[in-house]
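As structure tokens, the structure follows; a few thoughts come after it.
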Ligand code: KIV
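Numbering (the working numbering), first residue to last: 680 to 975.
If you want it as structure tokens, here you go:
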């Protein structure tokens, strides 16, 4: 594939063009040269909200990093949006490592967190550690994320003992979809909310550096964020948590069918790309492309 970066004929210097960000973005990037788990804690202490998006490939990671995103999550949502599976369960560790390595090659500043896929950490702590080590060594990632609370306690401990930063994930945990049967809002009842709060406190005590809360009432998101000293990052967890995460394909409008209330779409890339491709097809069919300037 020929890109602006490696095509000697290209009239635009991709690096130069990319560095012309808005001054707000430049200021944000200037504040922290590199985002670390320590920086995220400082952000929480200072009341600065943390921005996080998913990424699965080099080109997108490069743009998101250049825009000044704080955290990139190589989510197992790759199973849905990249591979077209109905759930996150089928994606393998090898596939996650490939996605993660591509993302790491695209970033300069962002913290890269990688999901441990289903089946690579639940069975025993040694398996969890081996999976995490592969992600850190083979992809060059900075941290891992896994789903669950007390039931994954030993795995979390084992990974942390090896010096690998762990991000927790509570609330709606898509890897357990067949146990719950629906993607509805979690922890609406006080008993489940208390259990989630206890799990959050446990994950912090074990040494997790941050926690993702998915699809829970905003009031519970607030309680958890106030209770914990580690950053709490929400997706459908309301405005009071310490940061927000979205799946990049959803916020850019590359996906069409997924429309939960928490999703804000910033673009309709599905329509934009479809329109551009239709134009290209028309140009090829009509012999308008390539024109005199576009040939040798
Ligand atoms: O895999 C993923 O994209 C995630 C986010 C929804 C937090 O876990």
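Built from N, CA and C at the ideal position, the CB exists for glycine as well.
In this text the structure is predicted, and so the values were computed from the model without any measurement.
Worksheet item: CA-CA distance, residue 945 and residue 936?
Response: Locating residue 945 in the chain shown gives position 266, counting from the first residue. Locating residue 936 in the chain shown gives position 257, counting from the first residue. Cα to Cα, the separation comes out at about 15 Å.
Fill in: Distance, residue 781 Cα to residue 801 Cα
The residue labelled residue 801 in the question sits at position 122 within the chain shown. The residue labelled residue 781 in the question sits at position 102 within the chain shown. The straight-line gap from Cα to Cα measures roughly 26 Å.
Practice prompt. Compute the minimum distance between the beta carbon of residue 924 and the heavy atoms of the ligand KIV, and state whether it is under 7 Å.
Written response: The residue given as residue 924 occupies position 245 in the chain shown. Yes.
Worksheet item: Looking at C-alpha atoms only, which residue of 751, 928, 703 is the closest neighbour of residue 759?
Response: Position 80 of the chain shown holds residue 759. Closest by alpha carbon: 928.
Worksheet item: Cα-Cα, which of 839, 827, 789 is closest to residue 811?
Response: Within the chain shown, the letter at position 132 stands for residue 811. Of the candidates 839, 827, 789, the one whose C-alpha sits nearest the C-alpha of residue 811 is 839.
Practice prompt. Using 10 angstroms around the beta-carbon of residue 853, count the other beta-carbons present and answer buried if the total reaches 16, otherwise exposed.
Written response: Position 174 of the chain shown, counted from the first residue, corresponds to residue 853. Its Cβ being crowded by 16 or more others within 10 Å, residue 853 is buried.
Worksheet item: If you count every other CB in all the chains shown that lies within 10 Å of the CB of residue 878, and 16 or more means buried, which is it?
Response: Locating residue 878 in the chain shown gives position 199, counting from the first residue. Buried, since its Cβ has 16 or more Cβ neighbours within 10 Å.
Item to complete: Classify residue 741 as buried or exposed, calling it buried when 16 or more other Cβ atoms lie within 10 Å of its own Cβ.
Response: Here residue 741 is taken as the residue at index 62 of the chain shown, counted from 1. The residue is buried, with at least 16 neighbouring Cβ atoms inside 10 Å.
Worksheet item: From residue 770 to residue 855, what distance separates their C-alpha atoms?
Response: Stepping through the chain shown from its first residue, residue 770 is reached at position 91. Stepping through the chain shown from its first residue, residue 855 is reached at position 176. Using only the alpha carbons, I get a separation of about 14 Å.
Item to complete: Mind the definition here: the stretch 721 to 732 touches the stretch 911 to 922 only if three or more C-beta pairs lie below 8 Å; say whether that holds.
Response: yes
Discussion item. Closer than 7 Å to a non-hydrogen atom of the ligand KIV - does that hold for the CB of residue 730?
Written reply: Here residue 730 corresponds to residue number 51 of the chain shown, with the count starting at 1. Residue 730: no, Cβ never under 7 Å from the ligand KIV.
Worksheet item: Is residue 848 near the ligand KIV, judged by its Cβ being under 7 Å from some heavy atom?
Response: As a first step, residue 848 is located in the chain shown; it is residue number 169 there, counting from the start. Correct: residue 848 has its Cβ closer than 7 Å to the ligand KIV.
Worksheet item: If you pair each beta-carbon of the stretch 791 to 810 with each one of the stretch 834 to 851, do three or more pairs fall below 8 Å?
Response: yes
Worksheet item: Going straight from the alpha carbon of residue 711 to that of residue 718, what length do you get?
Response: Residue numbering aside, residue 711 sits at position 32 when the chain shown is read from its first letter. Residue numbering aside, residue 718 sits at position 39 when the chain shown is read from its first letter. Each residue's Cα considered, the two are about 8 Å apart.
Worksheet item: Considering only residues of the same chain and omitting the five flanking positions on each side of residue 817, which have a CB-CB separation below 7 Å?
Response: Here residue 817 refers to the residue found at position 138 of the chain shown. Excluding residues within five positions, the ones whose Cβ falls inside 7 Å are 776, 780.
Worksheet item: Is residue 828 near the ligand KIV, going by C-beta to nearest heavy atom under 7 Å?
Response: In the chain shown, counting from the first residue as 1, residue 828 sits at position 149. Not under cutoff, so the answer is no.
Worksheet item: Below 8 Å, can you find three or more Cβ-Cβ pairs linking the stretch 883 to 897 to the stretch 842 to 851?
Response: yes
Worksheet item: Is the stretch 858 to 868 touching the stretch 878 to 889 in the sense that three or more CB pairs, one from each, lie closer than 8 Å?
Response: no
Worksheet item: Should residue 929 be listed as close to the ligand KIV, given that the test is whether its C-beta is under 7 Å from any heavy atom?
Response: Taking the chain shown and counting its residues from 1, the one referred to as residue 929 is at position 250. Not under cutoff, so the answer is no.
Worksheet entry | Assigned exposure category for residue 956 - 16 Cβ within 10 Å defines buried | In the chain shown, the residue the question calls residue 956 occupies position 277. Residue 956 should be labelled exposed.
Discussion item. Rounded to whole angstroms, what is the Cα-Cα separation between residue 722 and residue 707?
Written reply: Sequence index remark: in the chain shown, residue 722 carries index 43 (1-based). Sequence index remark: in the chain shown, residue 707 carries index 28 (1-based). Approximately 12 Å, taken between the alpha carbons.
Item to complete: Measure the C-alpha to C-alpha separation of residue 696 and residue 702 and round it to an integer number of angstroms.
Response: Within the chain shown, the letter at position 17 stands for residue 696. Within the chain shown, the letter at position 23 stands for residue 702. The predicted model places residue 696 with a pLDDT of 43, which falls under 50 and marks its position as unreliable; any figure quoted below should be read in that light. Their backbone Cα atoms lie some 14 Å apart in a straight line.
Worksheet entry | Residues bridged to residue 791 (per DSSP) | Here residue 791 refers to the residue found at position 112 when the chain shown is read from its first residue. 751, per the DSSP bridge assignment.
Discussion item. In this structure, how does DSSP classify residue 965 when only helix, strand and coil are distinguished?
Written reply: Taking the chain shown and counting its residues from 1, the one referred to as residue 965 is at position 286. Note: residue 965 maps to coil in three-state DSSP.
Worksheet item: If you compare alpha carbons, which of 732, 745, 746 is closest to residue 757?
Response: The count along the chain shown starts at 1 and reaches residue 757 at position 78. Taking only the C-alpha atoms, the option nearest residue 757 is 732.
Item to complete: Let me know if residue 824 comes out buried or exposed under the rule of 16 or more other beta-carbons within 10 Å of its beta-carbon.
Response: Position 145 of the chain shown, counted from the start, is the residue given in the question as residue 824. So residue 824 ends up on the buried side.
Item to complete: Please classify residue 923: does DSSP put it in a helix, a strand, or coil?
Response: Here residue 923 is taken as the residue at index 244 of the chain shown, counted from 1. Correct three-state label for residue 923: strand.
Worksheet entry | Three-state class that DSSP yields for residue 846 in the structure shown | For the purposes of this step, residue 846 is identified with residue 167 of the chain shown, where counting begins at 1. The answer is strand: DSSP assigns residue 846 an E or B state.
Worksheet item: Do residue 903 and residue 876 come within 8 Å of each other at the CB atom, strictly closer than that value?
Response: By 1-based counting over the chain shown, the position of residue 876 is 197. By 1-based counting over the chain shown, the position of residue 903 is 224. Yes. Within cutoff.
Worksheet entry | CA-to-CA distance, residue 949 to residue 886, given in whole angstroms | Residue numbering aside, residue 886 sits at position 207 when the chain shown is read from its first letter. Residue numbering aside, residue 949 sits at position 270 when the chain shown is read from its first letter. About 40 Å.
Worksheet item: Helix or strand or just coil, what does DSSP make of residue 824?
Response: What you label residue 824 is simply residue 145 of the chain shown in a count that begins at 1. If DSSP states are grouped into helix, strand and coil, residue 824 belongs with the strands.
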